[in-house]
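Residue numbers (the numbering used here): 1 to 610.
Each residue gets a CB set at the ideal place from its N, CA and C atoms; glycine is no exception.
Computed from a predicted model, the values in this text were never measured in an experiment.
Right, one structure below, let's go through it.
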C-alpha cells in the first residue's frame, strides 16, 4: 500500500456518514414536490413569464388544446380568481374509470397511443400529475356521455371522489391553486396569462379561448401573429404566409435591426427555439441565395426580420420537461425543403415584393460593412481597455455556463463607486457582477452606432456584456440598472435605457433588462426595523411603531450599509423587468424624453414633478 492510499483509507472523524440509511427511494409525486424545478423550471413569484405557476397553467391548457388539435372541441374557458386557475375544455373528457389515475399516477395517460393523440404536446403522463403534486388544492371533473367523475386532492393526496349523471357537455374541468409552501409569494399577473392565450389562439386558428369572458381568437393563424407584432406600415412588403397540415410559417422584414422569431411545435411555444427554428432560418438563406443567385451572409438576410414557424410532428423531443426547446433532428431536412420551396414559389409569384426584400438585404450588407470599418478603427481602444484595470467585479458564472447559476446570473450597472462598493461587499460572487459607472453615460439618442465606439464607458459596457457581435452571446441573464432614487439617478436610468433601446433593442424585448428597486425609507425603533418602498408604506410603519419611530430617507444607494444591502440583493431581491409589448412608439418615446428640449417635454416635467 502506498502512502497516498494509506492516507486515503483513513476516514476523518467529522465526515458525514454515508451508509444504507442515507439511501432514499422517493415515490414519484414526492420527488416532484422535493425537486419541482425539474418539472416546472424556475419557481419564481409570477413576475416572469417562465415562472412555475405559468408552466403549471400551460400544462393543463396544453391538454385542452390537444383536444382541439384532434378535432374534439373548439372552445376553452379559463378563469383566474384569487390565486386559483380554472380551465374547462369541451373535448372528449378523460375516460371516467381512469380520471384519478390520469392526474395522480406518473406514466399514466392516453398520449402513449399515437392514434388517440397523434400530435400531442402534453408530457405523456407527467404534466397534469406535476400540477397536482405542486398544488395546494387540485380538482378534476370529467364529463363524458351524460356521466361525470370528480376527484379532489390536497398536495397530491386524494381527499374525495364523486360520480353520477350530468347534463354538462363532454369535456374536462381542472381547478388548481399553486401551493404557497412551494411558491410562497406568487402573484398571478393576468398580462402573462394573456400573452400565452394569444399564442395559443394564433397557433390554433379557429380555437376560441375565453379568460374571464374575454375572447382570444385568430382566424388567420401566424399571419395574425406577425401582423399584431408589427408597427403600422412597418413591414417593407406584405407578410409572407404559408400553411399546410404539418407546417405553417409567416415572415416579413421591417426597417429595424435585429431579428425576432416565434416558434411552435404541436401547440407548444418553444421560447428557446430548437431544430425546427434552425431549419427555418437555414431554409430562408438557401432560398434567397438560390433564387437571386447571390451568396449573402445569413446575418444580412435576417437583420430586421420578424418570423414565426409552427410544425406538427409525432413524438416531439424536448431539451427539458418545460419543453422550451425542440431537439428532434430527423425533422430538419423536410422543414428546410418545404420552407425553401415555398419561399422560391413566393418570389416567383411576387417579383415586386421580392425586390423589396432583396433591397433590404443589400442595405443590411452595406451597414454591416460600415460597422466592420468602425470596429477596425476601434481596435486601439479595445486594446487599451483590455490592458487597463477595469472596475468590473465579475461573477464566477455566466449565462452561457452549464452551471446551476447560469439562469440567475446578473450584472448591476450602478451609479458611482460608493454604491458599487456596497454592492460588491454584499453580493454573491457566484452569480452577481457589479459594474460601477463613471458619472452620467453619454446620451445616445439619435446617434449612429459609431457613438458607442468613440465613448469609452459605453464601449466597455458593450464588451462586458459580450454583445458587440450578437446579443445571443450575452454573458448575464439579467442586466440590472441600479441607480439612486433621485432626479440624477432617474436620468442615468433613462440614459442607459436609451442606450439599450437604441442599439440593442432585442435585449429589452427578450426580457433581459431590469430596474433594481431599493427601499426609500428605513423606519425603526429599538426592537424592529422596516424598509419601505413608498411614502404610504413609510407612514403605515411609522404609525405602527408610534412615537419611538426613527425614520431615515435613503437618498442614494451608497447610504445603505453593506450589511443592510445584503438582504436587498438576496433571494427576496426586487427587480422590475423593463417590458415592451412591441416596438411601436419607441422612436417617438426616446425623442420625447431624450431628444432636444421643447415646450411639450417641459410641460410634462412640470406636471409630473414631485
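Residue of the options minimising C-alpha distance to residue i
i, options, result
"residue 135", "180, 268, 106, 102", "180"
"residue 580", "45, 155, 191, 70", "191"
"residue 351", "392, 292, 164", "292"
"residue 266", "40, 70, 348, 44", "70"
"residue 578", "434, 75, 49, 450", "49"
"residue 279", "310, 335, 243, 289", "335"
"residue 155", "51, 253, 479, 132", "132"
"residue 205", "212, 197, 533", "197"
"residue 255", "262, 572, 367", "367"
Where residue i falls: helix, strand or coil (DSSP)
i, result
"residue 436", "strand"
"residue 317", "coil"
"residue 176", "strand"
"residue 139", "strand"
"residue 254", "strand"
"residue 463", "helix"
"residue 538", "helix"
"residue 575", "strand"
"residue 363", "helix"
"residue 186", "coil"
"residue 452", "helix"
"residue 43", "coil"
"residue 265", "strand"
"residue 486", "coil"
"residue 163", "strand"
"residue 480", "strand"
"residue 231", "coil"
"residue 154", "strand"
"residue 48", "coil"
"residue 521", "strand"
"residue 218", "coil"
"residue 134", "coil"
C-beta contact flag for residue i and residue j at 8 Å
i, j, result
"residue 306", "residue 251", "yes"
"residue 284", "residue 246", "no"
"residue 241", "residue 230", "no"
"residue 304", "residue 235", "no"
"residue 493", "residue 521", "no"
"residue 507", "residue 415", "no"
"residue 158", "residue 104", "yes"
"residue 308", "residue 249", "yes"
"residue 161", "residue 150", "yes"
"residue 315", "residue 275", "no"
"residue 574", "residue 517", "yes"
"residue 86", "residue 188", "no"
"residue 525", "residue 545", "yes"
"residue 458", "residue 436", "no"
"residue 148", "residue 163", "yes"
"residue 431", "residue 464", "no"
"residue 76", "residue 193", "no"
"residue 338", "residue 347", "no"
"residue 490", "residue 371", "no"
Integer Cβ distance of residue i from residue j, believed to fall under 8 Å
i, j, result
"residue 477", "residue 394", "About 14 Å separates the two Cβ atoms, so there is no contact after all."
"residue 101", "residue 171", "With a Cβ gap of about 19 Å, residue 101 and residue 171 do not count as contacting."
"residue 269", "residue 326", "Not confirmed; about 11 Å, so no contact."
Same chain only: Cβ atoms within 7 Å of residue i, ignoring 5 sequence neighbours per side
i, result
"residue 217", "201, 208"
"residue 215", "208"
"residue 439", "none"
"residue 531", "519, 522"
"residue 594", "443, 445, 494, 498"
"residue 93", "142, 143, 144, 170, 171, 172"
Spatial neighbours of residue i in its chain, beta-carbon cut-off 6 Å, leaving aside the 5 residues before and after
i, result
"residue 361", "296, 300, 301"
"residue 565", "422, 426"
"residue 515", "481, 576"
"residue 127", "59"
"residue 485", "520"
"residue 271", "324"
"residue 118", "Unreliable placement is indicated for residue 118, whose pLDDT of 49 sits below 50; no coordinate value is reported for it."
Same chain only: Cβ atoms within 8 Å of residue i, ignoring 5 sequence neighbours per side
i, result
"residue 400", "406, 473, 475"
"residue 375", "453, 468"
"residue 466", "473, 474, 475"
"residue 397", "403, 405, 406, 409, 430, 431"
"residue 377", "453"
"residue 96", "142, 144, 147, 148, 149, 163"
"residue 54", "46, 192, 193, 196"
"residue 563", "426"
Cβ-heavy atom distance, residue i to the ligand FMN, below 7 Å
i, result
"residue 557", "Looking at this structure, you won't find the ligand FMN or any other ligand, since it has none at all."
Cutoff 8 Å: residue i Cβ touching any chain C Cβ
i, result
"residue 304", "Structure shown: chain C not included; a single protein chain is present."
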